[in-house]
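Novice: If you scroll down you'll find the structure; I have some questions about it.
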Amino acid sequence: MKKIILYVAALVMSVALNTSCDKMRSPEGPDYVVSYGILIDDGVGYRNCIVTDSGLKMYIYETNVTQQDINNQKERVLANYTILEGPDSYGDYYIRLNGFYALLTDEIPPISSLTEDQKKNLGEDPIYVTTATISGDYLNMPLVALYNSSSEEVAHKIQLVFNDKESTEHNFVFELYHNAYTDKNGSTAIGRYSSFPLKRIVPQDPTKPVGIELRWRWYHGSSVNDCVVGGTYYPGSKESVVLQGTYGSQM
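With the sequence shown counted from 1, adding 123 to any position gets you our numbering.
Take a look at the structure:
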């Protein structure tokens, strides 16, 4: 596989290792927590709370982020915070919000709804998924794509598609595509976080868990091959699931 610049990839991987679940730490300690969650207004007229995917409420008591940024960003976030107090008698926590990443929560089109031109435009360029997880009824994945830093800036297209042709009522297949357009043979890594809502695709019956399969293309050694991971999704569950399988060569 090509040699690449690792600074973005290393950051994405380190965050991915800390986001599979909420890890409560001592308020006196210097540690921080990284969690997926939703920014909400809990009846005060502005966003003052993060509801984590595990269902915990984290009230923002101090912040390193402006309230304007908190109010104006997408509600789905990957948040970095320090616990100051808690849990209280309601099970809630009070935090210092150190920062957050507003997550892309793109719609997942069924492949049967795409025209032939749209299918061709999905692309077949490699893309790296560090660790795919399911939490809060979302399919989460830190992604890394390669771009050519010596070429003019080209917008890459990344799209998750629901393969309704190969899915069954017990197993839902999703395919991740990357189109680098003219920005081929890249050697510099750039990362982003995506969080795709499963509720819009999978029936929300907590008594009927289903299989989730995710496919994409990445390097296996020096060649680009298919990657496949999977796991069981329990609709409405507060537990996080890490998809297992073939992720390809590590960056």
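Cβ atoms here follow ideal geometry from the backbone N, Cα and C, with glycine treated the same way.
In three-state terms, what does DSSP make of Gln-367?
Specialist: Numbered from its first residue, the sequence shown carries residue 367 at position 244. Looking at Gln-367 - three-state DSSP - the assignment turns out to be strand.
Novice: Which runs of the alpha helix (DSSP H) fall wholly inside the stretch 212-283 and span at least 4 residues, in chain order?
Specialist: Here the runs fully enclosed are 239-243.
Novice: Per DSSP, which one or two residues make a beta bridge with Val-188?
Specialist: Taking the first residue of the sequence shown as 1, we reach residue 188 at position 65. Answer is none; Val-188 lacks a bridge partner.
Novice: Pull up the DSSP beta-bridge partners for Gly-320, would you.
Specialist: Position 197 of the sequence shown holds residue 320. Looking at the sequence provided, one finds Pro at residue 320 rather than Gly. Pro-320 is bridged to Tyr-261.
Novice: Counting only the same chain and skipping the five closest in sequence on each side, list residues whose C-beta sits under 7 Å from that of Ile-324.
Specialist: By one-based count along the sequence shown, residue 324 stands at place 201. Taken in chain order, the residues that qualify are Ile-231, Phe-285 and Phe-295.
Novice: If distances are taken between C-alpha atoms only, which option among Tyr-356, Ser-177 and Ile-234 comes closest to Pro-101?
Specialist: With the chain covering only 124 through 374, there is no way to say anything about residue 101.
Novice: By Cβ distance, which residues of its chain are closer than 6 Å to Thr-256, with the 5 residues on each side in sequence left out?
Specialist: For the purposes of this step, residue 256 is identified with residue 133 of the sequence shown, where counting begins at 1. Contacts found: Ser-143, Asn-263, Ser-363 and Val-365.
Novice: Put Asn-203 into one of helix, strand or coil per three-state DSSP.
Specialist: Within the sequence shown, numbered from 1, the residue matching residue 203 stands at position 80. DSSP places Asn-203 in strand when its eight states are reduced to three.
Novice: Among Gly-259, Tyr-300 and Arg-170, which has the Cα closest to the Cα of Ile-250?
Specialist: Along the sequence shown, read from residue 1 onward, the residue named residue 250 stands at position 127. Checking every option, the nearest Cα to that of Ile-250 belongs to Tyr-300.
Novice: So what does DSSP say about Asn-195, is it helix, strand or coil?
Specialist: The residue you call residue 195 lines up with position 72 of the sequence shown. Reduced to three states, the DSSP call for Asn-195 is helix.
Novice: Can you look up His-293 in the DSSP assignment and give me helix, strand or coil?
Specialist: Here residue 293 refers to the residue found at position 170 when the sequence shown is read from its first residue. His-293: coil per DSSP, three-state reduction.
Novice: What does the alpha-carbon distance come out to for the pair Gly-354 and Asn-194?
Specialist: Position 231 of the sequence shown, counted from the start, is the residue given in the question as residue 354. Position 71 of the sequence shown, counted from the start, is the residue given in the question as residue 194. Approximately 34 Å, taken between the alpha carbons.
Novice: Would Thr-228 and Pro-320 qualify as a contact pair, given that the criterion is a beta-carbon distance under 8 Å?
Specialist: For the purposes of this step, residue 228 is taken as residue 105 along the sequence shown, with counting starting at 1. For the purposes of this step, residue 320 is taken as residue 197 along the sequence shown, with counting starting at 1. Yes, the Cβ-Cβ distance between Thr-228 and Pro-320 is below 8 Å.
Novice: Among the residues of its own chain, which have a CB less than 6 Å from the CB of Ser-346, if the five just before and after it don't count?
Specialist: Position 223 of the sequence shown, counted from the start, is the residue given in the question as residue 346. There are no such residues.
Novice: Any idea what DSSP makes of Tyr-182, helix, strand or coil?
Specialist: Looking up residue 182 in the sequence shown gives position 59. Strand.
Novice: I'd like the span of the beta strand (DSSP E) that includes Ser-346, first residue to last.
Specialist: Start at 1 with the first residue of the sequence shown, and residue 346 comes out as number 223. Residue range 346-356 is occupied by the beta strand (DSSP E) that includes Ser-346.
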